[in-house]
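Here the structure is laid out as structure tokens; the discussion comes afterwards.
Written out as structure tokens, the structure is:
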């Protein structure tokens, strides 16, 4: 886990850190960094990091009443899908990586949200975050959308 400080904000950049090491870096105080940091320090996956809540993960991958559904083959009308070769874990890792990278392009979104955009393996990915850094959604922007 790398901590980055830029413009008075602290952000996290994967890879994941194990729970035992989290206490060494931020003894008992990782919650001060917010919900995203808390999930990062609790994540013990070896290869991928997923900082989204289970509800937002379902939204991004499967879709729900508000939209989403960006996993390859989901077939939601009007939605873009990640490459077939990307696993669910990779999709969420890429979204989490963009959400915590202080060097990605960011702009203001609706309702106080932030929009972060970056290119990963030739795929333009847009990540929507709440003002506290929580991931709302993530999707590719340079691939065809499913027919409506």
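Residue numbers (our numbering): 244 to 391. Note that beta-carbon positions come from the ideal geometry of N, C-alpha and C, so glycine has one too.
(Q) Given a cut-off of 9 Å on the beta-carbon distance, is the pair residue 324 and residue 389 in contact? (A) yes
Q. Helix, strand or coil: how does DSSP classify residue 356 here?
A. coil
(Q) Among the candidates 348, 385, 368, whose CA atom is the shortest distance from the CA of residue 336? (A) 368
Q. Where does the unbroken beta strand (DSSP E) through residue 380 begin, and where does it stop?
A. First-last of the beta strand (DSSP E) with residue 380: 378-383.
Q) Would DSSP call residue 372 helix, strand or coil? A) strand
Q) Which residues does DSSP pair with residue 315 in a beta bridge? A) Paired residues: none, contrary to the question.
**Q.** Close-in-space but distant-in-sequence residues of the same chain around residue 318 (CB under 7 Å, 5 per side omitted)
**A.** 389
Q: Go to residue 349, then tell me how far its beta strand (DSSP E) extends in each direction, as first and last residue.
A: 348-351
Q.
In whole angstroms, give me the CA-to-CA distance for residue 366 and residue 313.
A. 13 Å
Q. Under the three-state reduction of DSSP, which class applies to residue 361: helix, strand or coil?
A. strand
Q: Use the C-beta contact count for residue 274: other C-beta atoms within 10 angstroms, 16 or more gives buried, fewer gives exposed.
A: Annotation note: pLDDT 42 at residue 274 (below 50); position unreliable, coordinate value reported separately. By the 16-neighbour rule on beta-carbons within 10 angstroms, residue 274 is exposed.
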